[in-house]
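Everything in the sequence shown is counted per UniProt numbering, starting at 1 for the first residue and increasing by one. Written below as structure tokens is the structure these notes are about.
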Amino acid sequence: MQSKVVNVLVRFNQWSFIQAVRQTLVVLFPVALIGALAQLIVKSFLNANGFFYNILGIGSWLSLTWLRTLQFVFTSVTQIFFSLLGILACFICAYNTARFYRKDAQLAGLTGAFALLLVAYRYGKNPQVPISFHMALLGGKSLLVALVIGYGVGQLYRWKGPKELTVKKVTWLDVRRQAFASLWPLLITTLLAMLVSLAINSGRFYRAYSHAYTTLTNASQEPRNVWLALLMSLALATMDWVGLGIPSSYKVPLNTPAYMANLNYALAHGSAWHVPYKYLGSTLYNSFANFGGDGLVLALLVAILLFPGNGSLHRVARWTALPTIFNFDYSSLVGLPVILNPVFLLPFMFLPLINIGIAVGITALHLIPATPYPVLLGTPGPLIGFMATNGNWATLVFTMLLLLLDIALYVPFVRLNFRVESQLARTTLGGECDA
Numbered sequence: 001m002q003s004k005v006v007n008v009l010v011r012f013n014q015w016s017f018i019q020a021v022r023q024t025l026v027v028l029f030p031v032a033l034i035g036a037l038a039q040l041i042v043k044s045f046l047n048a049n050g051f052f053y054n055i056l057g058i059g060s061w062l063s064l065t066w067l068r069t070l071q072f073v074f075t076s077v078t079q080i081f082f083s084l085l086g087i088l089a090c091f092i093c094a095y096n097t098a099r100f101y102r103k104d105a106q107l108a109g110l111t112g113a114f115a116l117l118l119v120a121y122r123y124g125k126n127p128q129v130p131i132s133f134h135m136a137l138l139g140g141k142s143l144l145v146a147l148v149i150g151y152g153v154g155q156l157y158r159w160k161g162p163k164e165l166t167v168k169k170v171t172w173l174d175v176r177r178q179a180f181a182s183l184w185p186l187l188i189t190t191l192l193a194m195l196v197s198l199a200i201n202s203g204r205f206y207r208a209y210s211h212a213y214t215t216l217t218n219a220s221q222e223p224r225n226v227w228l229a230l231l232m233s234l235a236l237a238t239m240d241w242v243g244l245g246i247p248s249s250y251k252v253p254l255n256t257p258a259y260m261a262n263l264n265y266a267l268a269h270g271s272a273w274h275v276p277y278k279y280l281g282s283t284l285y286n287s288f289a290n291f292g293g294d295g296l297v298l299a300l301l302v303a304i305l306l307f308p309g310n311g312s313l314h315r316v317a318r319w320t321a322l323p324t325i326f327n328f329d330y331s332s333l334v335g336l337p338v339i340l341n342p343v344f345l346l347p348f349m350f351l352p353l354i355n356i357g358i359a360v361g362i363t364a365l366h367l368i369p370a371t372p373y374p375v376l377l378g379t380p381g382p383l384i385g386f387m388a389t390n391g392n393w394a395t396l397v398f399t400m401l402l403l404l405l406d407i408a409l410y411v412p413f414v415r416l417n418f419r420v421e422s423q424l425a426r427t428t429l430g431g432e433c434d435a
């Protein structure tokens with residue numbers, strides 16, 4: 001049975017779209033890692049509400065001038081790397097797809113990048129206004145959109161684009177012939193991108209799309225029905241898995257009436273017990289299902305490092321461990337990868353729900369209190385529950401047991417992934433396999 005599952009997964013990974021995606025994510029990994037490290041520094045070290053900012057007392061020995069300068073420097077890295085990640089992804093995916101069919105990859109990549117820019121172009125009230133884009137379509141939040149556009153452009157070059165140059169010494173005449181030969185796929189791509197852009201700017205599609213993640217996040221905070229919180233958390237995990245999530249730590253509103261009622265009660269009574277809303281989606285998720293970000297990625301990294309197997313996967317896990325511990329998991333999602341990897345789909349989606357369900361039961365039995373207190377940005381995931389109860393040791397023990405359970409439940413999927421990767425490495429991937 002397991003061999004059949006492995007064969008199906010290998011076949012899935014041999015599909016040309018998934019091959020292009022996997023190769024694209026490999027190239028994007030260094031960018032995502034540096035962006036995640038810069039994000040960790042900005043939010044945890046250089047923010048007044050940051051974890052290390054308060055532990056190290058940075059505000060007491062670092063001047064405001066230097067603090068502001070460092071904030072600008074590292075924020076620029078984060079914004080550039082993550083806000084334009086989609087353009088890089090589209091270029092690389094189109095490049096890899098065209099190269100797969102031995103077509104001119106450079107021109108395909110450029111065409112893909114221009115196509116995404118056209119799709120994301122924002123129409124103003126006056127055509128002469130400065131250039132503006134729907135930035136959500138250009139960044140990591142819309143990674144799947146960029147990958148699909150890039151793959152589509154690569155397929156167009158497969159049928160209409162020039163073949164790759166095979167001469168040893170390329171002259172400018174060869175380049176000019178390639179450029180003229182790419183006019184048709186460039187023209188077709190431009191027309192299609194203009195139509196998509198027109199539809200986005202003239203309808204409500206983009207507004208609904210851009211607010212979908214925030215809407216789901218807000219809905220998951222419903223205090224009256226924990227099942228709604230579970231369903232919305234499942235939807236958010238699905239969006240992250242397909243590449244439509246936000247490349248940062250889980251963002252939940254901490255100013256909702258239910259959350260503020262819990263906090264005010266805890267502050268007034270000096271205790272986290274008996275708050276009015278024990279099963280609030282935001283606090284349950286942050287405290288017990290946010291170990292290393294969405295999908296309990298920290299547990300996945302530990303499971304990978306505990307078992308010998310794919311050396312490159314171990315290297316990725318070691319490099320991404322630092323930002324992931326502090327809940328900046330996007331580099332792990334890209335590097336392992338988790339995005340569009342069917343092996344990790346089930347645990348990534350359902351382990352957070354198991355954690356929340358167990359936490360609800362333990363809270364209902366009055367073994368641990370609710371978690372109403374706010375925590376510092378960049379607090380390690382396993383410590384969030386402990387700090388959100390103002391230091392309840394039973395909560396810390398329970399959280400560590402949950403983490404051990406998550407690691408154990410990830411282990412079979414890690415072993416399965418090792419088998420799939422090993423079989424893929426032994427398989428000679430020649431030609432197209434679009435089953």
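No residue lacks a Cβ here, since even glycine has one placed at the ideal position from N, Cα and C.
The C-beta of L244 has 16 or more other C-beta atoms within 10 Å across all chains shown, which makes the residue buried. Annotated as distal: L396 and L405, with beta-carbon spacing of 9 angstroms or more. For the segment 89–165, the continuous alpha helix (DSSP H) assignments of 4+ residues that do not extend past its boundaries occur at 105–119, 143–160, in sequence order. Within the same chain, Y53, L377 come within 7 angstroms of N47 by CB-CB distance, once the 5 residues on both sides are set aside.
Of the residues L144, A36, A120, V338, the one whose Cα lies closest to the Cα of H134 is A120.
Between N392 and A272, the beta carbon gap of about 7 angstroms places them in contact (Cβ cut-off 8 angstroms). Segment contact: the segment 63–80 against the segment 105–120, fewer than three CB-CB distances shorter than 8 angstroms; contact not assigned. Here V343 is not near L33, since their CB atoms are 9 angstroms or more apart.
Residue state for G50 is assigned as strand, using DSSP reduced to three classes. A Cβ-Cβ separation of about 7 angstroms places A370 in contact with T283 under the 8 angstroms criterion.
When DSSP states are grouped into helix, strand and coil, L56 belongs to the coil group. Secondary structure of L263 (DSSP, three-state): helix. Remark: fewer than three beta-carbon pairs, one from each stretch, lie closer than 8 angstroms, so the segment 140–148 and the segment 175–182 are not flagged as touching.
Counting along the chain, W66 sits inside the alpha helix (DSSP H) bounded by residues 64–83. With distances taken between CA atoms, A36 lies nearest to N327 out of K278, N327, L137, L173. Per DSSP, reduced to three states, the secondary structure at L376 is coil, with no helix or strand assignment.
Cβ-Cβ distances below 6 angstroms link A181 to P162 in the same chain, with the five nearest sequence neighbours on each side left out; the list follows chain order.
Contact check for T97 and A20: beta-carbon distance about 5 angstroms, within the 8 angstroms limit, so the pair qualifies. When secondary structure is reduced to three states using DSSP, G292 falls in the coil class, being assigned neither helix nor strand. Remark: three or more beta-carbon pairs, one from each stretch, lie closer than 8 angstroms, so the segment 334–341 and the segment 294–301 are flagged as touching. One alpha carbon belongs to M349, the other to S60, and they sit about 42 angstroms apart.
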